[in-house]
Each structure stands twice: as structure tokens, then as C-alpha cells.
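Quick note, in this note's numbering, the sequence shown goes up one by one and the last residue is 193.
Glycine included, every Cβ here is placed at the ideal spot set by N, Cα and C.
Input: a single structure, listed below in C-alpha cells.
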Amino acid sequence: PYTREQLVGKVQEKLDDKRFQHCLRVEQQAIELAKENDYDVEKAAIAGLLHDYAKQRSDHDFIKVINDKQMNPVLLDYGNAIWHGVVGAEFIKDELQIFDEEILNAVRRHTVGAPYMTQLDQIVYMADYIEPGRDFPGVDEARQITHENLKKGVFFQTQQTLKHLVETAKPIYPGTITTYNAWQSAI
Ligand code: DGI
Ligand code: FE
Ligand code: FE
Ligand code: FE
Numbered sequence: 007p008y009t010r011e012q013l014v015g016k017v018q019e020k021l022d023d024k025r026f027q028h029c030l031r032v033e034q035q036a037i038e039l040a041k042e043n044d045y046d047v048e049k050a051a052i053a054g055l056l057h058d059y060a061k062q063r064s065d066h067d068f069i070k071v072i073n074d075k076q077m078n079p080v081l082l083d084y085g086n087a088i089w090h091g092v093v094g095a096e097f098i099k100d101e102l103q104i105f106d107e108e109i110l111n112a113v114r115r116h117t118v119g120a121p122y123m124t125q126l127d128q129i130v131y132m133a134d135y136i137e138p139g140r141d142f143p144g145v146d147e148a149r150q151i152t153h154e155n156l157k158k159g160v161f162f163q164t165q166q167t168l169k170h171l172v173e174t175a176k177p178i179y180p181g182t183i184t185t186y187n188a189w190q191s192a193i
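Shown next as C-alpha cells:
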């Protein structure tokens, strides 16, 4: 397996500097959330570092994987925002030889979440949202809620994201709504 230093190099190679620095901050934020929640720090770090590995792939590359791997054709109705996690995990498996399905699932679920999310899924989903480089209305409230209660953070992010998508008239991936409904119980 690749060392952490080698993985950092692989991520850097595929992303511009801004996105690469975001990945390093998500790695650190995931480590912090892992410690707060008694979760495996190494695993959280790898998932955080790799979560946006495929963010700058072309639509053509994603569409090829969706077709070649016979993934859900509904994915074709969406774009990079959804693909880089759900489909991006396949690049991590094939190019970085990461076969840990818990890590791959955390990448798959980092944008739209899922009705059932492991602790690692929740850590990566929230680390991506609250890393120190993030600056949007509500981010401080998101940080406060998440450090207080990780699951409440998951619901808060899902609610905020849905609100934002509706306000800006963006299409909503069905999985995002499924996540929102399932996580009602966390409030
Ligand atoms: O990759 P990042 O920018 O670090 O963050 P992300 O992967 O959490 O989110 C990427 C984008 O995806 C973000 O601008 C919000 C958007 N998004 C999340 N859920 C949906 C969505 N976009 C659409 N169209 N539909 C969704 O359901
Ligand atoms: Fe992302
Ligand atoms: Fe996210
Ligand atoms: Fe990200």
C-alpha cells in the first residue's frame, strides 16, 4: 500500500493547489473529529485526504466509469458535484489501490450523505463542511453543532445544503432528499 506521503503526492498531482490545500485541511479536520468521537485516526485521515481526489476529472472520464461499471444510470442526469464522490471512489480504488470499503464508502457519501452513515462517513461529511478554510453563512454554527454532536451536524449540513440548492434553483439528487428524511431522527 502507498504511504501517507505517497498518497499526498498522488492527490497533489491530480488537483490544483487550492483544492489540494482543501484536502489537507479536511485530513486535519477529520483527525480532530475522529479524536473527539473515539474513532480510528489513521482511517479518518486517509478518507479525509482522498475525499476530493477525483474532483477535477472530466465529465467524459466520469461518464465512461458510470457506463463501464454499470453504475446507476440516474447518475447521468447529474454532474461533477455528484459524480466526484459517488463515482470518484472508483478512481481511488483503481489508481491508488485503496480497497477498504469503509474508506471508499466515506468518499462515496461525502457530498450527498446516505440514510445510514458509519462514523467514518459522518466524520468525512462534516470535516469537508467545517474545515477551517470554509467561509459561508452558518459555518460557525455548523462547527459548534458538530463538535457538540456529530449526528446533529450531519442533519444541519443536509438541511443547509438542501435549502441552498432550492434557493439557487439547482437540481436535487434524490439521495440528498433521502439523507435529509432519514436524518430527521438526529435532531
Ligand atoms: O467537493 P466540495 O466542494 O469540497 O464539497 P461537496 O463534495 O460536499 O459538495 C460539492 C457541491 O455539491 C456543493 O456545491 C453542493 C453540491 N450538492 C450537494 N448535494 C447536491 C449538490 N448539487 C446538486 N445539484 N444536487 C444535490 O443534491
Ligand atoms: Fe467533494
Ligand atoms: Fe461535503
Ligand atoms: Fe471537499
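With hydrogens ignored, establish whether the beta-carbon of residue i is closer than 7 Å to any heavy atom of ligand 1.
i           : result
residue 171 : yes
residue 178 : yes
If you draw a straight line from the alpha carbon of residue i to that of residue j, how long is it in whole angstroms?
i           : j           : result
residue 65  : residue 157 : 33 Å
residue 4   : residue 129 : No information on residue 4 is available, as it lies outside the stretch 7 to 193 that the chain covers here.
residue 94  : residue 154 : 30 Å
residue 184 : residue 87  : 17 Å
residue 147 : residue 138 : 13 Å
residue 187 : residue 165 : 10 Å
residue 47  : residue 19  : 24 Å
residue 106 : residue 114 : 12 Å
residue 73  : residue 92  : 14 Å
residue 69  : residue 135 : 26 Å
Taking Cβ to Cβ, would you say residue i is nearer than 8 Å to residue j?
i           : j           : result
residue 133 : residue 35  : yes
residue 71  : residue 33  : no
residue 159 : residue 167 : no
residue 8   : residue 81  : no
residue 122 : residue 163 : no
residue 28  : residue 58  : yes
Residue i lies in the alpha helix (DSSP H); which residues open and close that run?
i           : result
residue 65  : 65-74
residue 34  : 23-42
residue 100 : 94-102
residue 132 : 125-136
residue 156 : 156-173
residue 182 : 180-188
residue 10  : 10-20
residue 110 : 107-114
residue 54  : 47-56
Is residue i near ligand 4, in the sense that its beta carbon is under 7 Å from a heavy atom of that ligand?
i           : result
residue 32  : yes
residue 127 : no
residue 28  : yes
residue 66  : no
Under 8 Å by Cβ, that's how I've got residue i and residue j pegged, so tell me the actual separation to the nearest angstrom.
i           : j           : result
residue 45  : residue 126 : 7 Å
residue 13  : residue 56  : 7 Å
residue 223 : residue 169 : No answer is possible for residue 223: it lies beyond the span of the chain, which begins at 7 and ends at 193.
residue 53  : residue 37  : Incorrect: roughly 11 Å between the Cβ atoms, too far for contact.
Any heavy atom of ligand 2 inside 7 Å of the beta-carbon of residue i?
i          : result
residue 61 : yes
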